[in-house]
Amino acid sequence: MIDAQTKVGTFPIPRKLYRIGDIVRWTAFSRQTIHNYTVMGLIREAEWTEGGHRLYDESVFADLARIAELKKTRSLSEIRRILQKERTAGRPPGRRRRQRMN
Numbered sequence: 007m008i009d010a011q012t013k014v015g016t017f018p019i020p021r022k023l024y025r026i027g028d029i030v031r032w033t034a035f036s037r038q039t040i041h042n043y044t045v046m047g048l049i050r051e052a053e054w055t056e057g058g059h060r061l062y063d064e065s066v067f068a069d070l071a072r073i074a075e076l077k078k079t080r081s082l083s084e085i086r087r088i089l090q091k092e093r094t095a096g097r098p099p100g101r102r103r104r105q106r107m108n
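With the numbering used here, the residue at position 51 of the sequence shown is 57, and numbering never jumps.
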């Protein structure tokens with residue numbers, strides 16, 4: 007959640023979450039591709055609805071753009087390794103270590 011500052015104070019702005027259908031509508035990716043990329047770990051859902059539907063935050067659009075660019079010269083398994091390294095590079099060392107142990 008992001009905080010917004012106004013003349014009368016600070017208040018939280020709820021983050022926007024997107025269903026697969028929203029992502030399909032705004033990108034060139036199919037529903038099946040979004041599902042496959044999620045299962046493969048290339049993209050991550052932010053939350054699940056009570057009905058079991060995946061919800062993605064706005065970062066999914068940047069992730070999909072990065073995947074599309076890498077896909078020109080790399081396999082999906084190579085892309086997964088690249089994205090995992092990029093994601094763990096931004097985490098504090100303790101979190102990286104715990105993730106490797108799991």
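Note that beta-carbon positions come from the ideal geometry of N, C-alpha and C, so glycine has one too.
Treat the numbers as computed from the prediction; the structure is a model and nothing was measured.
| Asked | Found |
| --- | --- |
| Three-way DSSP call (helix, strand, coil) for K89 in this model | Per the sequence shown, the amino acid found at residue 89 is Leu instead of Lys. Reduced to three states, the DSSP call for L89 is helix. |
| Reduced DSSP category for E84 - H, G, I as helix; E, B as strand; rest coil | helix |
| Pairwise C-alpha distance: G57 and S65 | 23 Å |
| Cross-strand partners of R25 (DSSP beta bridge) | Note: R25 sits in no beta bridge, so no partner. |
| For E75, the three-state DSSP class (helix, strand or coil) | helix |
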